[in-house]
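Numbering (this note's numbering), first residue to last: 7 to 430.
Even for Gly, the Cβ is constructed at its ideal location relative to N, Cα and C.
Keep in mind the model is a prediction, meaning the values are calculated, not measured.
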Ligand SMILES: [Zn+2]
């Protein structure tokens, strides 16, 4: 299998060299944040660790863990590790609790982002001159610009469509012969619907790169078949420097390669903070090795995954592979003593023949007791009983559910809201 590399020597670097490079970069970044930012220095001092204590790669475990709180508390600029006049761009995530997280970029950070993202494009099979339609928002959210910076680096023909106006999107993709579509997977579904309404097809489209939502294998299959494309799952977040920084799956589709020359990954038990064995699910913890303006150190992502393999992949890449994100710790729904993630519900629903691609999970709380209702769109051959039975088999209990005709549930143009919490 051909790798289609952006940076072949680094993507296929022997593991021992990669780890040596990680060690050197870890020493450098710890030294950098310790010297340049008082919050980091105080945190490290309180933990009894400094730059001189990092002698091996394993010494990363001596460092204190961080989380979203340190980034929120330092809003807007207190955690910056470079002088303000070195900043060229910023992006921001709002999150659910209000105070945003700001991620600043120096020129070198923008190059680092572009390189990670360009590697993802090439890993998905992109070649110079291919037209890429970028559908995430160009704004504070990092999606649109990240895909833009990467497409510049990879030499692609950029269609900076942004979200919405789906009929125009379909016409643009058709007229400009877009080969690559990027965005959120739920928008891929929307494009399929609108394409069918318009009686259009997109014969030049071959590659879909989707991120920002945890999506199931069955959802992937629907988008892949509906658009006639190969679907890739891209990963990265505001705190690590944006979309694509953490990696993507290759055409072997056996886990997401993470760019380890730029990041150190650990998977921990979220209750104890101890590292778990490869193959076991836990919380992903990330250290950014090469970012200047705000490198995160042992950042607890709240994303759940596992290490699939550290062996060389059939694509030739040596960077480790993790499972697609199961969900976020705070997305886990606990009802009647049973824990599950929205993605499991999606996987089950999409496995029922005749069920559409739109659904809602409604968590209702009445007098402190939680119950779940799952509403789904389906053809007339699907009954509520069939849905309940399938969910009972995978989740271990039966949520109540209503079946709506196709098109009967509300549509969104951006990241889809699937889970609703209601209190009576
Ligand atoms: Zn691979």
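Sub-8 Å separation of residue i and residue j beta-carbons
i           : j           : result
residue 45  : residue 299 : no
residue 21  : residue 324 : yes
residue 274 : residue 289 : yes
residue 132 : residue 184 : no
residue 235 : residue 248 : no
residue 356 : residue 224 : yes
residue 425 : residue 409 : no
residue 139 : residue 179 : yes
residue 385 : residue 407 : no
residue 141 : residue 189 : yes
residue 261 : residue 167 : no
residue 120 : residue 158 : yes
residue 322 : residue 9   : yes
residue 237 : residue 195 : no
residue 412 : residue 383 : yes
residue 304 : residue 69  : yes
residue 74  : residue 39  : no
residue 266 : residue 272 : no
Under the three-state DSSP convention, the category residue i falls into
i           : result
residue 91  : helix
residue 53  : coil
residue 294 : strand
residue 377 : strand
residue 205 : coil
residue 348 : helix
residue 442 : As shown, the chain starts at 7 and ends at 430. That puts residue 442 outside it, with no answer to give.
residue 106 : coil
residue 431 : This structure does not reach residue 431, given that the chain is present from 7 up to 430, and the question cannot be answered.
residue 318 : coil
residue 398 : helix
residue 383 : strand
residue 444 : In the structure as shown, the chain starts at 7 and stops at 430, and residue 444 therefore has no counterpart that could be examined.
residue 72  : strand
residue 340 : strand
residue 249 : coil
residue 431 : There is no way to answer for residue 431, as the model of the chain reaches only from 7 to 430.
residue 406 : strand
residue 36  : helix
residue 362 : strand
residue 9   : coil
Whole-angstrom distance between residue j and residue i, CA atom to CA atom
i           : j           : result
residue 397 : residue 350 : 9 Å
residue 292 : residue 90  : 25 Å
residue 123 : residue 151 : 11 Å
residue 175 : residue 358 : 30 Å
residue 15  : residue 162 : 21 Å
residue 218 : residue 57  : 34 Å
residue 52  : residue 310 : 28 Å
residue 165 : residue 154 : 9 Å
residue 115 : residue 109 : 10 Å
residue 193 : residue 50  : 43 Å
residue 372 : residue 405 : 15 Å
residue 65  : residue 11  : 31 Å
residue 104 : residue 182 : 40 Å
residue 32  : residue 112 : 19 Å
residue 63  : residue 36  : 12 Å
residue 360 : residue 414 : 14 Å
residue 335 : residue 307 : 9 Å
residue 13  : residue 401 : 43 Å
residue 227 : residue 255 : 15 Å
residue 278 : residue 170 : 43 Å
residue 353 : residue 222 : 5 Å
residue 283 : residue 232 : 38 Å
residue 326 : residue 97  : 27 Å
residue 315 : residue 286 : 12 Å
Bridge-paired residues (DSSP) for residue i
i           : result
residue 426 : 368
residue 310 : 289 and 333
residue 215 : 188 and 238
residue 255 : 262
residue 270 : 293
residue 111 : 95
residue 327 : 263 and 315
residue 165 : 139
residue 281 : 274
residue 305 : 72 and 292
Any chance the segment 199 to 209 sits against the segment 116 to 127, with 3 or more Cβ pairs inside 8 Å? no
State whether the segment 370 to 380 contacts the segment 336 to 349, with contact taken as three or more CB pairs (one from each stretch) at a distance under 8 Å. yes
Count the CB pairs spanning the segment 293 to 312 and the segment 19 to 33 that are closer than 8 Å, and state whether there are at least three. yes
Tell me whether the segment 72 to 88 and the segment 45 to 58 touch, counting them as touching only if at least three CB pairs, one residue from each stretch, are closer than 8 Å. yes
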